[in-house]
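Data first, discussion second: the structure below is written as structure tokens.
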Amino acid sequence: MTDTLANSLNSLKVSETKGLQSVRLEPASKMLREVLLIFQRTGYVGEFEFVDDAKSGEFVVKLTGRINACGVVKPRFPVSAGTWERFEQRYLPAKNVGFLVVSTSKGLMTHNEAKEQNIGGRLICFVY
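Heads up: the sequence shown begins at 0 in numbering that gives the first Met the number 0, then just goes up one per residue.
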């Protein structure tokens, strides 16, 4: 079994390292779309569009050159509301650099938004 989110984030990172303008991520999924929306909202990727290829579809993402590293967090650790700092130190290079994507009862969001709302969840991925 393969982790499609991990494959997609690896493709993003490699394409950014090569200096490409855009990348095709397949197969498309709801979770990948939500992660891309968070990356777009925070400025790590540009516009993206869904292309239906009669299978599962794919996303074409325009790159901005801001991603230094990104990846999935395995296993998906449960994080309670007061313990964000421990995981920030583990996955991010410095305070206020990058963010963690977390799955909460209110949907996917950054760890900063979860801290503001004082909720916990499960870690999905990181980017900086």
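Cβ coordinates follow ideal geometry from the N, Cα and C atoms, glycine included.
So, at 8 Å on beta carbons, what are the nonlocal neighbours of residue i in its own chain, with the 5 sequence-adjacent residues on each side left out?
i: D2; result: V71 and K73
i: V22; result: S10, L11, S14, V59, V60 and L62
i: N111; result: F98
i: Q20; result: K61 and L62
Need the endpoints of the alpha helix (DSSP H) that residue i sits in, please.
i: R40; result: K29 to R40
i: S7; result: T3 to K17
Relative to the C-alpha of residue i, which residue among the options is closest?
i: T63; options: L11, Q88, M108 and L107; result: L11
i: A5; options: K17, V34 and Q20; result: V34
i: A27; options: F76, F86 and D51; result: D51
i: W83; options: T41, E115 and G18; result: E115
Span of the beta strand (DSSP E) holding residue i?
i: E57; result: E57 to L62
i: R121; result: G120 to V126
i: E25; result: Per DSSP, E25 belongs to no beta strand (DSSP E) and is neither H nor E.
i: V72; result: Unbroken run through V72: none, as it is neither H nor E.
Could you pull out every residue in the same chain whose Cβ sits closer than 7 Å to the Cβ of residue i, ignoring the five residues on either side in sequence?
i: Y90; result: V72, L99 and F125
i: G120; result: V78, V101, S102, T103 and A113
i: T16; result: none
i: F133; result: Because residue 133 is not part of the residues shown, which for the chain are 0 to 127, the question remains open.
Would you say residue i and residue j are within 8 Å of each other, going by their C-beta atoms?
i: V101; j: I123; result: yes
i: S55; j: L31; result: no
i: Y127; j: P92; result: yes
i: E25; j: E57; result: yes
i: N117; j: A80; result: yes
Apart from the five residues on each side of it in sequence, which residues of its chain come closer than 6 Å, Cβ to Cβ, to residue i?
i: E48; result: V59
- Whole beta strand (DSSP E) elements within the segment 74 to 118, 3-residue minimum: 98 to 103 and 106 to 109
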